[in-house]
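Start counting at 1 in the sequence shown, then tack on 46, and there's your number in this note's numbering.
All C-beta atoms in this analysis are idealised placements derived from N, C-alpha and C, irrespective of residue type, glycine included.
Right, one structure below, let's go through it.
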Amino acid sequence: RHCFTKSDDGYLYCEGLRVQDVMETAVERSPFYLYSKPQINRNFEAYREALEGLNSIIGYAIKANNNLKILEHLRMLGCGAVLVSGNELRLALKAGFDPKRCIFNGNGKLLEDLVLAAHEGVFVNIDSEFDLDNIAYAARIAGKKVNVLLRINPDVDPQVHAYVATGNKNSKFGIRNEKLQWFLDAVKAHPDELKLVGAHCHLGSTITKVDIFRDAAVLMVNYIDQIRDQGFEIDYLNIGGGLGIDYYHTGAVLPTPRDLIDTVRELVLSRDLNLIIEPGRSLIANTCCLVNRVTGVKTNGTKNFIVIDGSMSELIRPSLYGAYQHIELVSPSLPDAEISTFDVVGPVCESADFLGKDRELPTPERGAGLVVHDAGAYCMSMASTYNLKMRPPEYWLKVMRHDHVSNLGLLRFIVIIFPFLSVDLALAQ
Ligand code: LLP
């Protein structure tokens, strides 16, 4: 089941509550993000069940969504965390993540952040020659030996948009296998600072074929064999994140967490490895909509536009990657509303400011609610204040209702209207 459903009455529901009613009750104006906490639980449960029988860490990729409440909840469910900046590390610590289940990753980690990582005892990925130097130096400053993984770039094509492909040979991330021996020798040269515990790869994001993960895992296990042959006792295989989701809402059958884990399970067991996975999108994207209001409708040349109050400032994926996110109205349209093809655009002074292109929709009335689906990952976390738009509030529905009955009194009780905290900038100090 999924949290957002369009029912026969033409209303969009989130966990049994009309989104229209949430809009009327929300203390803040649109646009706002609306999450379903039960959907977060269901998504996590899919990973937990898939991993049964394996030693594993689910390292949630904080960059996908760094809302503190969500982080605390995922930590409470049992997630570790994947971090790519000092502030993400500080936020993870604030959210209570166990440092032994955190992985600090990135191609440009700063020395001061590595010192914090060393001090806290998180896993650190080695990404390059200079990164190895910095990690060893940070270990000396912190007076702690750092558990490191080698991020190997396996050159497997993830078959995704070039901006979110990371594991091909010309990528800025990771090290190439030709250099493996250099890195092993360099780790050996730092016995007091570095303990090699595993190998990591991350191919890219929005991957929709599990064979791609399998191909990478086969290569990675070969590298692990080579590394073990040199006397390193390494236990961790980290296959990164990247599982895609059904952005198109076509009902196409996409691989599930179980499909992903099953494709590498035997390999992992055959080498007695701990498996680390780093999901972001597949844990959080489909738990959320960006809720907007229609400001008006206009036509220019051959184009029809629905102008909404949300924009590329709140949700930049369509502008940046040409990403498709499904759009629909939250309430039934008038019986005589004409269905046309619209570009759904925001008020920002850029022609790149669109949320959807060429969408068939009934002509909405002014003030109508319109949602952009699958907005839980890389939407709020990539939001800006361009054109001095305010960062949108985030709400979540904490419980699910089983019947589709709208009742404002009950709604106030059930919908916890929760302006979430975003990253506390004071953390940066
Ligand atoms: N691990 C590493 C090392 C990563 O670089 C990423 C994402 C993940 C895990 C999580 O990947 P996921 O499971 O979320 O696909 N802004 C883009 C996505 C960038 C992904 C960057 N790395 C978007 O909006 O589609």
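Counting of Cβ neighbours within 10 angstroms places Y294 among the exposed residues, the total staying below 16.
At a cut-off of 7 Å, the beta-carbon of M436 does not count as near the ligand LLP: no heavy atom of the ligand is closer than that. Between the C-alpha atoms of H236 and Y269 there is a straight-line separation of about 21 Å.
Within the stretch 374-451, the complete beta strand (DSSP E) segments of 3 residues or longer fall at 385-391, 400-408, 415-418 and 440-443, listed in chain order. In the structure shown, V267 falls within a helical segment according to DSSP collapsed to helix, strand and coil. Counting only the Cα atoms, R88 lies some 14 Å from L97. One thing to note: G244 has its Cβ no nearer than 8 Å to the Cβ of G288. Note that the C-beta distance between K155 and N133 is not below 8 Å. Between the ligand LLP and H419, a heavy atom-to-CB distance of less than 7 Å is absent.
Secondary structure of T212 (DSSP, three-state): coil.
Membership of I104 in the beta strand (DSSP E) is indicated by the continuous run S102 to A107. Here the C-alpha atom of A163 lies approximately 18 Å from the C-alpha atom of E175. Relative to the ligand LLP, even the nearest heavy atom lies 7 Å or more away from the CB of H372. Straight through space, the alpha carbons of Y209 and T345 are spaced by roughly 32 Å.
By the C-beta density criterion, C49 is buried, having at least 16 other C-beta atoms within 10 angstroms. Beta-carbon to beta-carbon, G415 and C334 are separated by about 15 Å, too far to satisfy the 8 Å threshold.
8 Å or more divides the Cβ of E406 from the Cβ of L380. The C-alpha of S377 lies about 44 Å from the C-alpha of V310. In terms of side-chain proximity, the C-beta atom of M428 is found nearer than 7 Å to a non-hydrogen atom of the ligand LLP. Of the heavy atoms belonging to the ligand LLP, none sits nearer than 7 Å to the Cβ of H236.
Less than 8 Å divides the Cβ of S328 from the Cβ of I291. With fewer than 16 other Cβ atoms from the protein chains shown falling within 10 Å of its own Cβ, E74 counts as exposed. Below 8 Å, enough C-beta pairs join the stretch 274-287 and the stretch 316-326 to call them touching: three or more. Secondary structure of A298 (DSSP, three-state): coil. The count of Cβ pairs closer than 8 Å, one atom from the stretch 435-447 and one from the stretch 121-138, stays below three, leaving the stretches out of contact. The stretch 213-230 and the stretch 182-194 do not touch, with fewer than three beta-carbon pairs separated by less than 8 Å. The shortest CA-to-CA distance from D382 to any of K146, T409, F400 and T296 is the one to T409. Within 10 angstroms of the beta-carbon of I258 lie 16 or more other beta-carbons, which makes it buried. Short note on P325: C-beta closer than 7 Å to some heavy atom of the ligand LLP.
Distances between the C-beta of Y367 and the heavy atoms of the ligand LLP include at least one below 7 Å. T51 is bridged by DSSP to Y59.
CA-to-CA, the gap between L137 and L242 works out to about 26 Å. Of the candidates R186, R147, I172 and L178, R186 places its Cα closest to the Cα of H165. Per DSSP, I86 is one residue of the alpha helix (DSSP H) stretching across K83 to A96.
In the DSSP assignment, K115 falls within the alpha helix (DSSP H) that extends over L114 to L123. Within 7 Å of the C-beta of S328 there is at least one heavy atom belonging to the ligand LLP.
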